[in-house]
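Encoded as structure tokens, the structure appears first; notes follow it.
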Amino acid sequence: MPATPDPASPIGLTVSAVARQLGVAPATLRTWDRRYGLGPSEHPSGSHRRYTHEDLARLHHMRRLVIEGVPPADAARQALAADPVEGREPLVPVSFLRPTAETSTADAAEPRHGGGRVIALPGAEPAVRGLGRAALSLDAHACSAIMDDSISRHGVIWTWDHLIVPVLVGVGERWEASGNGIEVEHLLSGAVTASLSAAARNLQAPVSSRAVLLACAQEELHMLPLVAVAAALAEEGVSARLLGERLPLTALEEAVRRTGPAAVLLWAQIPGSADAASLAGLPNYRPTPTILIGGPGWFGSLPAGVTAVSSLEDAVERITHAVGA
Ligand code: B12
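If you count by the working numbering, then the sequence shown holds residues 404 to 728, one letter each, in order.
Here is the structure:
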């Protein structure tokens, strides 16, 4: 078994190497050193200052708090106060990340609007900024931890409306303005799906056996709002069946015929991509299902028996009413 290193012993890493370990820019490390005193403590005369194991543990602690949304000055105070060895994290998790200006400017300055190197989240709560930073750092684990914590404290609807949607909108605007960040969008979408799906799996005993079908319109790939609906319904004791992206109308009709659902919700995100008139036949199935559509993608007039929902809360209320929960 290898000997435990002396926490105060130098590890001989340069600023850039430590920055790589942490997934932040070297400039961020220098700022943390200058502003908060979180720099290398070892300073043998005649040589450059060198980081010790303790210094590195404090910096890991600092970075984790910043990602969680704690303002940098508070994070630094906590990191300096914590037992550096107790608080030490493994050195591996973020070491594959290249340091980027994104992770550094996000905590050193207010984000700029537009599609630059940060997600614009003006006036956002610390947790929202934390989720934005975690997404920019491509840190799926931190994204999930922030969302899971919020779901357990505030529930799915609050977490979707106040934490997840602002960051999704910010990520979308960044892509629109710069064409950058598709990898951030994909990572965040995966983490959102994982956290919401975990919440949906908490449902043990559904209050009703009536089926609820959730599906994307024919050409639609945006599914996160439906994953949110399934998770929020689970909190109400209602189980939903998610039929996925790009569901052909014929497949939807087949599912309706086979399951006799109490409610069907169809999502279309891309404006002008889904024709509401094509749903005219759905309300004719027996027993008559409640047919709901959501999202900005629908065009055409609503056929009789089809209702548009305006928010996650609205969708959940109408569906729970339809199943009699
Ligand atoms: C994640 C994402 C993706 C992921 C989806 C992954 C997944 N599993 O769902 C992927 C990478 C697949 C993707 C692909 C594309 N995307 Co995209 N994407 C997004 C992003 C960032 C979030 C989508 C989302 O979940 N929105 C949910 C909420 C945030 O949407 P919202 O409409 O703003 O919410 C309002 C209402 O709908 C309502 N609401 C909110 N939540 C709920 C919930 C319910 C139940 C209800 C009823 C209402 C409701 O309240 C909100 C406030 O008014 C958005 C950004 C954005 N603003 O939405 C872009 C965005 C939707 N995508 C966009 C584009 C252009 C595309 C692509 C065409 C890109 C491309 N060139 O390939 C493809 C299209 C694929 C297709 N055919 O469907 C554009 C659409 C532009 C437009 N004209 O509207 C957006 C807006 C980005 C942007 N700012 O330009 N995307």
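Backbone N, C-alpha and C fix where the C-beta goes; we use that ideal spot for every residue, glycine too.
Which first and last residues belong to the beta strand (DSSP E) in which residue i is found?
i: A615; result: The amino acid occupying residue 615 in the given sequence is Val; Ala does not appear at that position. Segment V615 to C619, the beta strand (DSSP E) holding V615.
i: L432; result: Careful: L432 lies outside any beta strand (DSSP E), inside the alpha helix (DSSP H) at P429 to Y439.
i: V418; result: From DSSP, V418 is part of no beta strand (DSSP E) but of the alpha helix (DSSP H) over V418 to L425.
i: A711; result: V709 to A711
i: R666; result: Inspection of the sequence shows that residue 666 is occupied by Ala rather than by Arg. Counting along the chain, the beta strand (DSSP E) containing A666 begins and ends at A666 to W670.
i: G697; result: T693 to G697
Can you name the start and end residues of the alpha helix (DSSP H) that residue i belongs to?
i: T662; result: L652 to T662
i: L627; result: L627 to E638
i: E470; result: The sequence shown places Ile at residue 470, not Glu. Unbroken alpha helix (DSSP H) run through I470: H456 to I470.
i: A476; result: P475 to A484
i: I722; result: L715 to V726
Given residue i, which residues of its chain have a CB within under 6 Å of its CB, disregarding the five upstream and five downstream residues?
i: P496; result: Low local confidence applies: a pLDDT of 26 at P496 is under 50, so the model's placement there is unreliable, with the coordinate-based value given in what follows. None.
i: P628; result: W670
i: A711; result: I696
i: A683; result: P706
i: D396; result: As displayed, the chain neither begins before 404 nor continues past 728, which places residue 396 out of reach and without an answer.
i: L624; result: E648
i: I673; result: G700
i: P429; result: V418, S419 and A422
i: P690; result: G663
i: P529; result: G472
i: R433; result: none
i: D551; result: S598
i: Y439; result: A479
i: E416; result: Strictly speaking, residue 416 in this sequence is Leu, with Glu absent from that position. Excluding positions up to five away in sequence, the list reads Y454.
i: W563; result: A631 and L715
i: E657; result: none
Going along the chain, which residues of its own chain have a beta-carbon closer than 7 Å to the beta-carbon of residue i, five neighbours each way excluded?
i: G703; result: D678, A679 and A680
i: G708; result: P686 and I694
i: A718; result: V632, L668, L695, G697 and V712
i: M465; result: W435, L441, A478, A479 and A482
i: S498; result: In this predicted model, S498 has a pLDDT of only 22, less than 50, meaning its place in the structure is not dependable enough to derive any value.
i: P514; result: Only weak support exists for where P514 lies, its pLDDT of 37 falling under 50; the value from the coordinates is given anyway. Here the set comprises V521, I522, A523 and L524.
i: L500; result: Reliability fails at L500, whose pLDDT of 23 lies under 50, so the model's placement of it is uncertain and the value that follows must be treated cautiously. The answer, listed in chain order, is G426, S540 and L541.
i: Y688; result: V659 and R660
i: T407; result: Note that T407 scores a pLDDT of 48, beneath 50, so its modelled location is shaky; the value from the coordinates is reported in the next line. No residues qualify anywhere along the chain.
i: A761; result: The chain is shown from 404 up to 728; residue 761 falls before or after that span and cannot be answered.
Using a Cβ-Cβ cutoff of less than 8 Å, which residues in the same chain neighbour residue i once the five nearest sequence positions on both sides are dropped?
i: A469; result: A quick correction: the sequence has Val, not Ala, at residue 469. Hits under 8 Å: P475, A478, D510, G533 and R536.
i: A538; result: I522, C546, V570, V574, V587, L590, L591 and A594
i: W561; result: S553
i: V572; result: none
i: R437; result: none
Assuming residue i and residue j are in contact, meaning their beta carbons sit under 8 Å apart, how far apart are those beta carbons, in whole angstroms?
i: L591; j: C619; result: About 18 Å; that fails the 8 Å criterion.
i: A602; j: I554; result: 5 Å
i: V559; j: L599; result: 7 Å
i: P651; j: L616; result: With 8 Å as the limit, P651 and L616 do not qualify as a contact, their Cβ atoms being about 14 Å apart.
i: L425; j: H456; result: At roughly 14 Å, the Cβ-Cβ gap does not stay under 8 Å, so L425 and H456 are not in contact.
i: A594; j: A543; result: 5 Å
i: V531; j: L524; result: 6 Å
i: V574; j: T596; result: In fact, because the Cβ distance is near 14 Å, the residues do not count as touching under 8 Å.
i: V427; j: Y454; result: That pair is no contact at about 14 Å.
i: L715; j: A635; result: 6 Å
i: E638; j: I549; result: Their Cβ separation, rounded to whole angstroms, is 19 Å, which puts E638 and I549 out of contact at 8 Å.
i: S676; j: E622; result: 5 Å
i: I722; j: A666; result: 5 Å
Kindly provide the ranges of any beta strand (DSSP E) runs that are 3 or more residues long and lie completely inside the segment 532-603, ordered along the chain.
none
Would the segment 635-650 and the segment 688-702 be scored as touching if the rule is three or more Cβ pairs under 8 Å?
no
Flag this pair as touching only if the segment 601-617 and the segment 715-728 have three or more C-beta atom pairs under 8 Å; answer yes or no.
yes
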